[in-house]
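S.K.: Pasting a structure here, questions to come.
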Amino acid sequence: MNLTAMNQSDVCQEYSCPERSVSLSVYVILYAAAAAVSLLTVFGNLLVIISVTTLLNWLFSLLYNFTLLFVNGNFTDVTCPGICIAVIDGVSSLIDLLFVFLMPCTLIIILYTHVFVIAKKHVTAIRALQIHNRTESSKNRVSDKSERKAAILLGILVIVFLLCLLPYYICTLVSSYDIADRYYIRNVAVIFFFLNSTINPIIYALFYPWFQKSLKLIFTFKVFNKDSSLMNLL
């Protein structure tokens with residue numbers, strides 16, 4: 009008998025031919041499951057990295073401050089009723105300046121410059137992939153606006169960091185705690201020193217349109233309107 013006339017099932021060995029084809033929905037489900045597992049793995053790794061980094065940061069900060077304040081007896085030099093004063097000598101001030109100001113400032117400038125360069129490359133790549141119904145001039149305007157916005161944000165962050173930390177270290181290196189007026193000036197400088205951690209999230213948030221609209225509603229007292237909860241901020 010001719011082979012072409014035979015039934016296909018007669019020439020197929022067991023498990024060599026599929027009985028039916030897999031539907032497209034099965035492939036979609038498998039792909040979605042694999043993508044979800046990959047995303048969960050990435051997010052889990054990031055969470056572990058962030059947690060370990062934060063823990064190491066806290067441990068280093070605890071060890072550094074304990075060594076700076078307690079090991080060399082800074083709390084025993086000056087005693088005032090109702091006031092806890094930590095007197096830091098010249099050597100400790102220089103070490104504090106190096107580890108808390110100069111090194112972080114250098115890292116911030118280097119990392120933010122690197123981030124800006126990468127962001128600029130991404131903007132250039134996105135500009136090349138934009139839809140064709142936009143004119144070339146509009147593409148350049150959007151990309152230039154994004155680059156200027158990123159540069160302004162990074163510049164503001166560095167300037168705020170310098171303005172918040174410079175007064176404290178200027179007072180630490182120039183004067184001593186034995187003068188009452190300079191002591192109060194240094195207290196004000198310490199307030200600005202810790203204020204840097206509060207200002208940074210606000211600076212980031214101010215560049216979001218929804219945050220700007222929220223502030224506008226608050227300062228114009230429109231948030232007290234009955235339908236304020238129904239306003240679209242996005």
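For the sequence shown, our numbering assigns the number 9 to the initial residue and increments by one for each residue that follows. Just so you know, even glycine gets a beta-carbon here, dropped at the ideal spot from N, CA and C. Just so you know, these numbers come straight off a predicted model, no measurement behind them.
#1: Under 8 Å: do the region 221-235 and the region 190-200 share three or more Cβ pairs, one atom per stretch?
#2: Who are the near neighbours of LEU161 in its chain, counting only those whose CB is closer than 8 Å to its CB and skipping five residues on each side?
#3: For LEU203, collect the residues of the same chain with a Cβ closer than 7 Å to its Cβ; drop the 5 residues on either side in sequence, then sort them by chain order.
#4: Between ILE116 and the rest of its own chain, which residues show a CB-CB distance below 7 Å, the 5 nearest in sequence each way excluded?
#5: Exposed or buried, what is TYR39 when buried is set at 16 or more other beta-carbons lying within 10 Å of its beta-carbon?
#6: Out of curiosity, what's the CA-to-CA distance linking VAL194 and LYS234?
#7: Can you say whether TYR192 is buried or exposed, counting buried as having 16 or more other CB atoms within 10 angstroms of its CB?
#8: Look at the alpha carbon of TYR35 and the alpha carbon of ASN53, and state the distance between them as a whole number of angstroms.
#9: Going by Cα to Cα distance, which pick from PRO209, VAL108, LEU64 and ASN73 is closest to TYR177?
#10: Suppose you measure from the CA of PRO209 to the CA of PRO217; what does that come to, to the nearest Å?
#11: If we ignore side chains and look at the alpha-carbon of each, how far apart do VAL125 and PHE232 end up?
#12: What does the alpha-carbon distance come out to for the pair LEU181 and PRO175?
#13: State the start and end residues of the unbroken alpha helix (DSSP H) segment that holds SER222.
M.R.: In this structure, then:
#1: Because the criterion of three Cβ pairs below 8 Å is not met, the region 221-235 and the region 190-200 do not touch.
#2: As a first step, residue 161 must be located in the sequence shown, where it is residue number 153. For LEU161, where only same-chain residues beyond five positions count, the Cβ hits under 8 Å are ILE211, TYR212 and PHE215.
#3: As a working note, residue 203 is residue 195 in the sequence shown. CYS172, listed in sequence order.
#4: Against the sequence shown, residue 116 aligns to sequence position 108. So the list reads VAL166 and PHE169, once near-sequence residues are dropped.
#5: By one-based count along the sequence shown, residue 39 stands at place 31. Looking at its Cβ environment, which holds fewer than 16 other Cβ atoms inside 10 Å, TYR39 is exposed.
#6: Taking the first residue of the sequence shown as position 1, residue 194 is located at position 186. Taking the first residue of the sequence shown as position 1, residue 234 is located at position 226. For the record, residue 194 in the displayed sequence is Arg; it is not Val. So the two alpha carbons sit approximately 47 Å from each other.
#7: Residue mapping note: residue 192 aligns to position 184 of the sequence shown, counting from 1. Of the residues assessed, TYR192 falls on the exposed side of the cut-off, its CB having fewer than 16 other CB atoms within 10 angstroms.
#8: Against the sequence shown, residue 35 aligns to sequence position 27. Against the sequence shown, residue 53 aligns to sequence position 45. Linking TYR35 to ASN53 through their CA atoms gives a straight-line distance of about 27 Å.
#9: Looking up residue 177 in the sequence shown gives position 169. Ranking the options by Cα distance to TYR177, first place goes to VAL108.
#10: By one-based count along the sequence shown, residue 209 stands at place 201. By one-based count along the sequence shown, residue 217 stands at place 209. Cα to Cα, PRO209 sits roughly 15 Å from PRO217.
#11: On the sequence shown, residue 125 is found 117 positions in, with the first residue counted as 1. On the sequence shown, residue 232 is found 224 positions in, with the first residue counted as 1. Separation of VAL125 and PHE232 (C-alpha to C-alpha, rounded to the nearest whole angstrom) is 43 Å.
#12: The residue labelled residue 181 in the question sits at position 173 within the sequence shown. The residue labelled residue 175 in the question sits at position 167 within the sequence shown. Looking at the two C-alpha atoms, the distance is approximately 10 Å.
#13: Residue 222 sits at position 214 when you count from the first residue of the sequence shown. Its alpha helix (DSSP H) spans residues 217-227.
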